[in-house]
Amino acid sequence: MPGKFVVYILALGFLLSGNIFAQNQEKIKLPLGKPIIHSFETNFQFHDKTQSIKPFDVANKITYLALGDSYTAGTSVCYKCAFPVQLAYLLNENKSRDVQLTRYAEAGWRTDDLINTLKLKNISSDFDFTTLLIGSNNLYQRKAFSQFKTEFIQLLEFAINHTKNNAEGVFVISIPDYAYTPFGQKENNTKRISKKVNAYNSFIEEVAKQREVFFLDITTIAKRGLSEPTLIAKDGLHLSKKANTEIVNRIKPFIENVLKVKEP
Numbered sequence: 001m002p003g004k005f006v007v008y009i010l011a012l013g014f015l016l017s018g019n020i021f022a023q024n025q026e027k028i029k030l031p032l033g034k035p036i037i038h039s040f041e042t043n044f045q046f047h048d049k050t051q052s053i054k055p056f057d058v059a060n061k062i063t064y065l066a067l068g069d070s071y072t073a074g075t076s077v078c079y080k081c082a083f084p085v086q087l088a089y090l091l092n093e094n095k096s097r098d099v100q101l102t103r104y105a106e107a108g109w110r111t112d113d114l115i116n117t118l119k120l121k122n123i124s125s126d127f128d129f130t131t132l133l134i135g136s137n138n139l140y141q142r143k144a145f146s147q148f149k150t151e152f153i154q155l156l157e158f159a160i161n162h163t164k165n166n167a168e169g170v171f172v173i174s175i176p177d178y179a180y181t182p183f184g185q186k187e188n189n190t191k192r193i194s195k196k197v198n199a200y201n202s203f204i205e206e207v208a209k210q211r212e213v214f215f216l217d218i219t220t221i222a223k224r225g226l227s228e229p230t231l232i233a234k235d236g237l238h239l240s241k242k243a244n245t246e247i248v249n250r251i252k253p254f255i256e257n258v259l260k261v262k263e264p
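Just so we're aligned: the sequence shown equals residues 1 to 264 in the UniProt record's numbering.
Next comes the structure, spelled out in structure tokens:
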């Protein structure tokens, strides 16, 4: 009897978890002026579900795919502070259009983690624009640089192939230099960190140029982290809301240029 009871509880738990997963996978439709946020972190939680529902305006829809790690996920800052979410809201501001953000990002993700996640998803191939920011964890976890090179190219190809205008709609973002953070200062050799970050970013920029993809340098923002502590989040490592806003201000004009044909 106890054994059957345990089996029953496990089965019930599985069914409930399945229902929760299904609920989290539903499409969310929000009114104009509020971006739709589809966050696919490992906990499969959607955000902004409390807002009122109305039919989605397909004609004026702007779709944004954000790929990355903790910097894209907005680790250690508020939900709306992360640059992809700030960008979605800003693009929606005073515009009669819907912005739909789909985000695959999680703290600690390396390039292989992102690739493995994307393989499990049925992802649209017609996003209006895509951002890609990843590599910090490959570096920090001391994975082979050659592995990063191979996998970054795979991710860039994925981004290009899943964006309407291909390379024209893809925006590659540099890796922040965490040597200029309180966390990084605890390391024995900050010069080694910066040297490796520079090597990663040089490769990223080179590949972006080869594929005619826009490259945005945000490392200069992170390098002000020690002289301007407000650019660093409370955890002493990640970028603050202020720094995320700077990223948005730098990239928004170029994205608006890509989206100009979408203006109603």
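Cβ coordinates follow ideal geometry from the N, Cα and C atoms, glycine included.
Opening and closing residue of the alpha helix (DSSP H) in which residue i lies
i      : result
ASP112 : 111–119
LEU155 : 145–161
LEU87  : 83–92
ALA208 : 190–210
PRO176 : From DSSP, PRO176 is part of no alpha helix (DSSP H); its letter is neither H nor E.
TYR79  : Element bounds for TYR79: n/a, residue is neither H nor E.
TYR180 : Looking at the DSSP string, TYR180 is not in any alpha helix (DSSP H), and its letter there is neither H nor E.
ASN138 : 136–140
N- and C-terminal bounds of the beta strand (DSSP E) containing residue i
i           : result
ILE173      : 170–173
residue 278 : Not covered by the structure: residue 278. The range shown for the chain is 1 to 264.
THR130      : 129–133
ALA66       : 61–68
LEU226      : Segment: none, LEU226 is in no beta strand (DSSP E) and carries neither H nor E.
LEU237      : Unbroken run through LEU237: none, as it is neither H nor E.
Supposed close pair residue i, residue j - CB separation, criterion 8 Å
i      : j      : result
TYR178 : LEU237 : 6 Å
SER125 : ASN161 : 6 Å
ALA82  : TYR64  : Their Cβ separation, rounded to whole angstroms, is 13 Å, which puts ALA82 and TYR64 out of contact at 8 Å.
LEU120 : PHE158 : That pair is no contact at about 13 Å.
THR163 : PHE215 : Going by Cβ atoms, the distance from THR163 to PHE215 rounds to 15 Å, so no, they are not a contact pair.
LEU259 : ILE123 : Between ILE123 and LEU259 the Cβ distance is about 20 Å, and since that is not below 8 Å, they are no contact.
8 Å CB neighbourhood of residue i in its chain, flanking five on each side removed
i           : result
GLN23       : With a pLDDT of 29 at GLN23, under the threshold of 50, the modelled position of that residue is not reliable, and the figure given next carries that caveat. Excluding positions up to five away in sequence, the list is empty.
VAL248      : PHE83, GLN86, LEU87, LEU90
ASN187      : Note that residue 187 is Glu in the sequence shown, not Asn. Cβ within range, chain order: ALA179, ILE193.
residue 269 : Absent from the model: residue 269. The displayed extent of the chain is 1 to 264, so no value can be given.
GLY108      : ASP69, SER70, ASN137
Cβ neighbours of residue i in the same chain (closer than 7 Å, five flanking residues each side left out)
i      : result
LEU114 : LEU67, TYR104, ILE134, LEU155
ARG110 : ASN137, ASN138, GLN141, LYS143
PHE203 : LYS149
GLY33  : Note on GLY33: pLDDT 44, under 50, position unreliable in the model; no value is reported.
ILE153 : VAL207
GLU151 : THR111, ASP112, ILE115
LYS234 : SER76
THR190 : ALA179, GLY184
SER240 : VAL77, THR230, LEU231, ILE232, ALA233
ALA73  : GLU41, ALA82, ALA105, GLU106, ALA107
Own chain, CB closer than 6 Å to residue i, minus 5 neighbours either side, in chain order
i           : result
VAL213      : ALA167, VAL170, VAL172
SER174      : ASN201, ASP217, ILE218, THR219
ILE221      : ALA243, GLU246
TYR71       : LEU133
GLU205      : PHE215
residue 277 : Because the chain spans 1 through 264 in this model, residue 277 falls outside it and cannot be assessed.
Near the ligand ATP: residue i beta-carbon under 7 Å from a heavy atom
i      : result
LYS186 : The model on display carries no ligand, and the ligand ATP is accordingly not part of it.
Flag this pair as touching only if the region 225–240 and the region 179–186 have three or more C-beta atom pairs under 8 Å; answer yes or no. yes
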